[in-house]
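Here's the structure we're looking at; comments come further down.
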Amino acid sequence: MGVVVKVSPEWLPPARNLECFLPSAVALSLQISSAEMDSTSQNNLKRNKSEKKLLRKQIKARNTLMRHEGIECVSHTTKSLVIANGGLGNGVNRHQLLRLVEECGLVEALLMPPNKPYSFMKYGSTEEAKKAYDTLNGKEITLEDSDQNVTLYVNFVEKVHWEDIIPISLPPGLMMVEELVSPEEEQKMLESIDWTENEVIQNAQKSLKHRRVKHFGYEFRYDNNNVDKDKPLHGGLPGICSMLLEKCLKQGYIKHKPDQLTINQYEPGQGIPPHIDTHSAFEDEITSLSLGAEIVMDFKHPDGRTVAVMLPQRSLLVMTGESRYLWTHGITPRKFDIVHASERQKVGSVTPDVGDLTLNRRGTRTSFTFRKVRRSPCNCIYPSVCDSQQSHQREEAPSFHDSETEAPKLEQEYVHKVYEEIATHFSSTRHSPWPQIVEFLRTLPKGSIVADIGCGNGKYLGINKDLYMIGCDRSQNLVDICGEKKFQAFVCDALSVPVRNSSCDACISIAVIHHFSTAERRLAAVCELARLLRPGGKALIYVWAMEQEYNKQKSKYLKEKRASKGKEEEINTDVAWGLFCDQTHDNGSQDSACSDQILNDSKDKGGNAKQVINSKLPVHTNRTSFHSQDVLVPWHLKGGTNKKGEYAKVLQLPAGSKELQEFSPVFHRYYHVFCEGELEAACKTLDCIRIQKSYYDQGNWCVVLEKQ
5 MGVVVKVSPE WLPPARNLEC FLPSAVALSL QISSAEMDST SQNNLKRNKS EKKLLRKQIK
65 ARNTLMRHEG IECVSHTTKS LVIANGGLGN GVNRHQLLRL VEECGLVEAL LMPPNKPYSF
125 MKYGSTEEAK KAYDTLNGKE ITLEDSDQNV TLYVNFVEKV HWEDIIPISL PPGLMMVEEL
185 VSPEEEQKML ESIDWTENEV IQNAQKSLKH RRVKHFGYEF RYDNNNVDKD KPLHGGLPGI
245 CSMLLEKCLK QGYIKHKPDQ LTINQYEPGQ GIPPHIDTHS AFEDEITSLS LGAEIVMDFK
305 HPDGRTVAVM LPQRSLLVMT GESRYLWTHG ITPRKFDIVH ASERQKVGSV TPDVGDLTLN
365 RRGTRTSFTF RKVRRSPCNC IYPSVCDSQQ SHQREEAPSF HDSETEAPKL EQEYVHKVYE
425 EIATHFSSTR HSPWPQIVEF LRTLPKGSIV ADIGCGNGKY LGINKDLYMI GCDRSQNLVD
485 ICGEKKFQAF VCDALSVPVR NSSCDACISI AVIHHFSTAE RRLAAVCELA RLLRPGGKAL
545 IYVWAMEQEY NKQKSKYLKE KRASKGKEEE INTDVAWGLF CDQTHDNGSQ DSACSDQILN
605 DSKDKGGNAK QVINSKLPVH TNRTSFHSQD VLVPWHLKGG TNKKGEYAKV LQLPAGSKEL
665 QEFSPVFHRY YHVFCEGELE AACKTLDCIR IQKSYYDQGN WCVVLEKQ
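The sequence shown runs 5 to 712 under this note's numbering.
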């Protein structure tokens, strides 16, 4: 019978001495195993460090997406993923990313938002998405057409919310003609340019930062953005352009034969700032032929709307009307353009369809820009941006809104009388204070004396019970409404407030100063606010902005138009937003018809309509962008007034019906809408105040002033 000996662990010799109890081969095996264990341990340690670093980067990317973009990532597996550092904004094009993500499975959608450093993708199954998550996380890729490396960080998302894309129309008056010249003609035109004889134009070189440029017919002066019409250049336009221009005239692309040509050569990374070709320098038509490469040109309306337009190689761009006179055009200096990935749209506006955008590397583009020199002043319908008309107004007899004698008459007829007539209806739409105005009032010290100059129905007079607030307005009917609400208010003109100097801790002027029809009277209104303030006192001013789309966001004033389409006109006494909910949901034709009727009525009554008609003030179409700074804005008085002057509600009536037009008279209020920086510039002319803050708030320019 055998004997089994049990050895306690403490009796075992140390591992390093174990070989003395074992055969030599076994000892060697133990040595090797020990070395492998040490190597594995080190690898695990390195892997753990690497994994921890990747996890930290991944969490950082997740937090950045949430903080800056509002994209919420989830910890569980889904079909959808967000790829940080894998977007158009940091140089990753769609074709490269699509090849990469398709290695992990069937990709149902790849969304690449413009100018963003991330993308979204959706797989057919969670298994494929999990594989992409494991494979792509921390993966370093080299960008195509670049030596730059980027590291991808992937997170799961529950759903991808993206707005449906509405096709973007070209600016009015803009036309694109594809393949105007053949490749052979293109080559001949490019070879005809002798850059070795490039004129040394000091101002041009300084302005264009070494971009190559040549002028023919007349030299375009970059110091004043004009031409010297009395100094034509020798030789006229190049002969190689003759057949091209004859073709354009014959096809009806242009009406006038150009006599000025500017040739620009754009290397990748070069551009030209946004600008409008000077009205007084050139006629309506401006054409530009793109040779050598395609490029994206950016157009911008004064209200902030932007349209990116693809100019294909060998295409002709024709700008007339609004696109030529009102919209700026320019080329952003960059080496890549965001374009459509598919072949379905290679010309025209670049719609921001996140499912069909990619990057396109720029080539060397040469543009032939043809113009016709203007021989008489421009009389376009865009006086706010027309140098001819602005100069004419300065040099000759002033029009109504430059006349201190006529301005009060205009304001009496198209501001004061109108608000007396519409006071009750106007008040019914003025019951929701604006948050930033409320915040201004609530941050004032307890016991502050505050004056609301142009208080309307007094909706801000009762915001902060800790303040002593008084209001004043030009309209007796609006002041009466304030009295009915138990507010302290009185009738006066904003240019002459019967309150002693330096008696107020704060003042507010909300939607008032834009009703004054001259720059001098608008400045005087600001001076009056400053007079009322004690040293250290503050004033808040709001005026209507010409830019009703700012930072790519439409104001609520513009957004309301879409909601009103196809609906019948109705009385809305519960408008819950903003200063300008009085701009009712009407179409342009009715506005125009009613506008003519009002002007004619005023004339028949022997009023002051003569000056207004002579001034050719445009009548604004409600819920649309502004084309002029000085406008008449229609107010449709729904339901009229009863004997007591109170607003009378009516049943819904079809839009444009005779009954509605008879029952809803139209009044017109004068407005001067402010361009960006205009209000600040006026305030800076006063030495007694300093601008503490300026901002844009839902279609309004705003400043906070402090009296020195």
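Ideal Cβ positions, reconstructed from N, Cα and C, are used throughout, including at glycine.
Annotation for Gly177: Met323, Thr324, Gly325, Glu326, Ser327, Arg328 place their beta carbon closer than 7 Å to its own, counting only its chain and skipping 5 residues before and after.
Residue pairing by DSSP puts Trp548 in a beta bridge opposite Asn704. Counting along the chain, Arg446 sits inside the alpha helix (DSSP H) bounded by residues 439–446.
Distance from the CA atom of Glu182 to the CA atom of Met314, rounded to whole angstroms, is 11 Å. If you draw a straight line from the Cα of Arg526 to the Cα of Leu709, it is about 15 Å long. Boundaries of the beta strand (DSSP E) harbouring Glu287: 286–295, taken from the DSSP string. Taking the Cα positions, Ala312 is about 40 Å away from Ile512.
Distances from the alpha-carbon of Arg446 to those of Ile457, Leu471, Ser431 put Leu471 closest. Taking a cut-off of 8 Å on C-beta distances, the segment 529–537 does not touch the segment 275–289, as fewer than three cross pairs fall below it. In this structure Ala523 is exposed. Its beta-carbon is surrounded by fewer than 16 other beta-carbon atoms within 10 angstroms. Judged by their CB atoms, Leu110 and Ser123 are not nearer to each other than the 8 Å cut-off. Per DSSP, Cys476 lies in no alpha helix (DSSP H) segment; the continuous beta strand (DSSP E) that holds it begins and ends at 472–477. Apart from sequence neighbours up to five positions away, the residues of its chain that approach Tyr423 with a beta-carbon distance below 6 Å are Ser479, ordered along the chain. For Glu144, the enclosing beta strand (DSSP E) begins and ends at 144–146.
The residues Cys706, in chain order, have a CB closer than 6 Å to that of Tyr699 in the same chain once the five nearest residues on each side in sequence are set aside. Lys463 counts as buried, since no fewer than 16 other beta carbons sit within 10 angstroms of its beta carbon.
From the listed residues Thr628, Leu248, Ser392, the smallest Cα separation to Ile258 is found for Leu248. Between Val516 and Ile457, the C-beta spacing is below 8 Å. Taking each of Pro387, Ser292, Val158 in turn and checking the Cα distance to Leu101, the smallest one comes out for Val158. Asp391 sits in a helix when the DSSP states are folded into three classes.
For Arg366, no beta strand (DSSP E) encloses it, and the DSSP letter there is neither H nor E. Secondary structure of Arg328 (DSSP, three-state): helix. Note: Cys508 is bridge-paired with Leu537 in the DSSP secondary-structure output. Within its own chain, the residues whose Cβ lies closer than 8 Å to the Cβ of Lys120, once the five positions on either side in sequence are excluded, are Glu73, Gly91, Leu92, Gly93, listed in chain order. Per DSSP, reduced to three states, the secondary structure at Gly466 is coil, with no helix or strand assignment.
Contact check for Asp307 and Met550: beta-carbon distance about 7 Å, within the 8 Å limit, so the pair qualifies.
When only Cα atoms are considered, Gly256 and Glu250 end up about 10 Å apart. In the three-state scheme derived from DSSP, where H, G and I count as helix and E and B as strand, Thr409 is classed as coil. The shortest CA-to-CA distance from Leu537 to any of Gln393, Glu488, Gln712 is the one to Gln712.
If you draw a 10 Å sphere on the C-beta of Ile63, you find fewer than 16 other C-beta atoms in it, and that means exposed. Between the segment 288–298 and the segment 368–384, the count of C-beta pairs closer than 8 Å reaches three or more; the two stretches touch. If you draw a 10 Å sphere on the C-beta of Arg66, you find 16 or more other C-beta atoms in it, and that means buried. Assignment of beta strand (DSSP E) within the segment 108–143, counting only whole runs of 3 or more residues, yields 111–115, 122–127 in chain order. Within the same chain, Thr266 come within 6 Å of His219 by CB-CB distance, once the 5 residues on both sides are set aside. Across the structure, Gly359 and His676 are spaced so that their CA atoms are roughly 42 Å apart. The residues Lys126, Tyr127, Gly128, in chain order, have a CB closer than 7 Å to that of Glu112 in the same chain once the five nearest residues on each side in sequence are set aside.
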